[in-house]
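So the protein sequences, as listed, match chains C and E.
Heads up, the first sequence is in my numbering, so the first residue is 374 and it goes up one at a time.
Heads up, the second sequence is in my numbering, so the first residue is 8 and it goes up one at a time.
Built from N, CA and C at the ideal position, the CB exists for glycine as well.
I have placed the structure first, in the form of structure tokens, so that the comments after it can refer back to it.
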Amino acid sequence: MTFNLFMELLHPKNVTLQVTIQSSRLEVIYLTLLKNISFKQGIFYALLALCCGLSIVFVHHNEQFYDRPIAEITQVAVTESESMTDMYENEDYLFTQEITAIIKNGQHKGQSIYLTNDYSSSGAFDQEYHVGNEIFVTIDDRATQSALTGTILDLKRDQTMVIIAWIFIFTLLIIGKRQGLFSIISLGVNAVILSFALDLYVKHGSVSLLVVSDICALLFTIISLLLISGLNTKTYVAIVSTLLGTVIALIISSIVMWLTGENGLRYEEMQFLTRPYRTVFMAGLFIGSLGAVMDVSITMASSIFALYEQDPTISVKALKSSGHEIGKDIMGTITSILFFAYLCGSIPMIILYLKNSSTLGLTLSLNLSLELARALAGGIGVVLTIPISQYTAIFFINRKRVQE
Amino acid sequence: MNVIVLLAVILFALMVIVGGKQGVRSFLSLFLNFGVLFVTIFLMTNPKNSPIILTFIACTIISCISLFYINKTNSKTITAFISTMVTIVVLLLFITFITDKSMIQGFGEESTEEISIFSLYIGVNFVQIGASVIIMSTIGAIMDVAISIATSMHEIFYRNPSISRKKLYTAGLSIGRDILGTDTNTLFFAFFGGYLSLLIWFKDLSYSIGEIVNSKVFSAEMTTILCAGIGIALIIPIASSINAYYLILTREKTEKLS
């Protein structure tokens, strides 16, 4: 219900058109309706703005919901600064801050706490704090009531995160309108499904991760494609070819891994996991390539169907060759989207390795092997999906022709 | 035989079978882009170079390769290139501000063990590197939207040369909206796949929602995903207005001449 309302709100033209035809006093009604709808739309955006305001106020005053003590910094003074050179001749500056903060929650609420913070100008694992920052702290037990001391754990980041999330929502809604709303819904729903599925996997040891990610992939594909292009044959074609494409790509990569004995894959960067690395890696590979494969299959399906709808007598040969041309065009860009999305995440770690005089070969194989394998496997999925979606679309078109 | 080499060979073979000459070019451009990325990382290790400026240069080279090498130099790729660069500058400013505010630079708790053997005081500016990572992760998608909008708007203009600037601009917006859904999807799932191990780690340690939201790793992931979405959305009006402006300008010029 609410979903339909959203659609109506964001699609004022449909409603106004229908009503104007029935009316004798076209213009008057049209104008009042336009007012009504922009009024409705106004309400929608006003509600959104209200939510935005409320959530920002909430994250600035939600300290009592946290168990960990939170303090707001009121005074900062840099007491020491020195330059240093490490064993690899890297130069950096170290600083010490004396921080005074006020505890915002728990039994010591309202009291001042004195903290020290060491940070470097590069900031790889530390940070400089400013007045107004809210931080998580631990309070020392032995401290007398008058002067609390403690250590800093981390910054409270929810305030910035909420603001970024709202900027994201408003940018997508204002620019993308209906499609923007659908992208947001798709992201939200898929994230919830993934989180729920992982809960299931973590809590019940008997469920295999591959089965969980299979079911997830099925749901992701159906939901995302329905949101992108609605309930129609195009979407069915895209769903079928996405599933075929990703599964075949997954089989190819499994065969490759089995043939080579996983030579060249270094799982060290997944060391923090207490679970079998390989299954987690394969599941990530599966889910990761899904979006790109969906992109290819929906683009192929909609263009082939558009050609068919323009000229229902078009020959299969012509459909095939146009499909081929479109496929060639999108292949390169979509694989490069995947490449950049995967590889760039390793940049900070690679820099750290190189600055610590690690050899180039070791640095790259430790930090890029999994990402490269993921990107290549995704690329294989993308390229394979071009002929798959082409033939699936033509198959469905042929069936339609026979039925008619 | 190495897994990566074998996968690369398979990808190359498939690209050639499906795409012929263009497939070879697509594969080569992947290779070149990887090279540019690599050189950029190498230059970033020198603390004297600003990572933001390096990122900007790298993005310029990468878009030149992807736009001018694959699609040849013409008015379409030139407008696509300009729109990509404008978007990247806007995004760079925004993301640098965000990474500075949320302090998501550097490494999170999950890599504590891995980095414990390293010297962390290496002099490079990790806040700027964090911003570079986010920008570079999105550049592929931004270029994709830019070239799609440029191609379709040129097509519309040639079919209907008397179209007004406003109409052309709206047409560009609606084309952009159609790609918005699929491109954001591609990135969302790529990131979901890449972060899967981290998500499992969070679940394993049964972090509370409060702990997850405030942790550095999760905030960094969220910021990347959200900024990617913002970038893809932002380029739509930018590319539409640049193309509309350019196309109408060329029409006015030819009218004056004749």
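Bounds of any alpha helix (DSSP H) do not take in V451/C; it lies within the beta strand (DSSP E) bounded by I443 to T458.
For T524/C, DSSP records a beta bridge to T511/C. Here T91/E is buried, its C-beta having at least 16 other C-beta atoms within 10 Å. Between the region 695-714 of chain C and the region 600-616 of chain C there are fewer than three inter-stretch CB-CB distances shorter than 8 Å, so the stretches are not counted as touching. DSSP, read as helix, strand or coil, puts L467/C in strand. Here Y764/C carries a helix assignment [DSSP, helix/strand/coil]. Per DSSP, L488/C is one residue of the beta strand (DSSP E) stretching across S485 to S493.
By the CB criterion at 8 Å, I239/E and V96/E fall outside the cutoff.
I245/E sits buried, since 16 or more C-beta atoms from the chains shown fall within 10 Å of its C-beta.
Shown here for L37/E: not one same chain residue has a beta carbon closer than 6 Å to its own, the five before and five after excluded. In the three-state reduction of the DSSP assignment, I475/C falls in the strand class.
The Cβ atoms of I761/C and V689/C do not sit closer than 8 Å to each other. Taking the Cα of Y418/C as reference, the smallest distance to any Cα among I547/C, H481/C and V585/C is reached at I547/C. Excluding five sequence positions before and after E464/C, the CB atoms of its chain that fall closer than 6 Å to its own CB belong to T458, given in chain order.
Beyond the five residues adjoining it in sequence on each side, I59/E comes within less than 8 Å, by CB distance, of L99, T103, Q135, A138 and S139 in the same chain, given in chain order.
Close to V10/E, with beta-carbon spacing below 7 Å, are these residues of chain C in chain order: V629, M630, T633, E635, N636, G637, L638 and A746. Interface residue (Cβ-Cβ distance to chain C less than 8 Å): A148/E is classified as such. For R648/C, no alpha helix (DSSP H) segment is defined, and its DSSP state is neither H nor E. Look at the region 201-217 of chain E: the residues with a C-beta under 9 Å from a C-beta of chain C are G201, Y202, L203, S204, L205, L206, I207, W208, F209, K210, D211, S213, S215 and G217. Counting only Cβ-Cβ distances below 7 Å, C424/C has no contacts in chain E at all, with the closest Cβ about 17 Å away. By the CB criterion at 8 Å, Q484/C and I476/C fall inside the cutoff. CA-to-CA, the gap between V449/C and D527/C works out to about 16 Å. Flagged as an interface residue toward chain E: T708/C, by a C-beta distance shorter than 8 Å. Annotation: C425/C to T177/E spans about 28 Å, alpha carbon to alpha carbon.
At the C-beta level, I77/E and R32/E come within 8 Å of one another. For L175/E, the enclosing alpha helix (DSSP H) starts and ends at R172 to D211. Contact of K223/E with chain C is assigned, a C-beta pair being separated by under 8 Å.
With a contact defined as Cβ atoms closer than 8 Å, A665/C and G751/C qualify at about 5 Å.
For the region 560-589 of chain C, the set of residues with a beta-carbon nearer than 9 Å to any beta-carbon of chain E comprises L560, N563, A564, L567, S568, L571, D572, Y574, V575, K576, L582 and S586, in chain order. Secondary structure at E462/C: coil, using DSSP grouped into helix, strand and coil. Look at the region 125-144 of chain E: the residues with a C-beta under 9 Å from a C-beta of chain C are F125, S126, L127, Y128, I129, G130, V131, N132, F133, V134, I136, G137, S139, V140, I141, I142, M143 and S144. According to the DSSP assignment, F555/C belongs to the alpha helix (DSSP H) that extends over D531 to K576. For K482/C, there is no enclosing alpha helix (DSSP H), as DSSP marks it with neither H nor E. When C-beta atoms of the region 691-707 of chain C are compared with those of the region 625-633 of chain C, fewer than three pairs fall below 8 Å, so the two segments do not count as touching.
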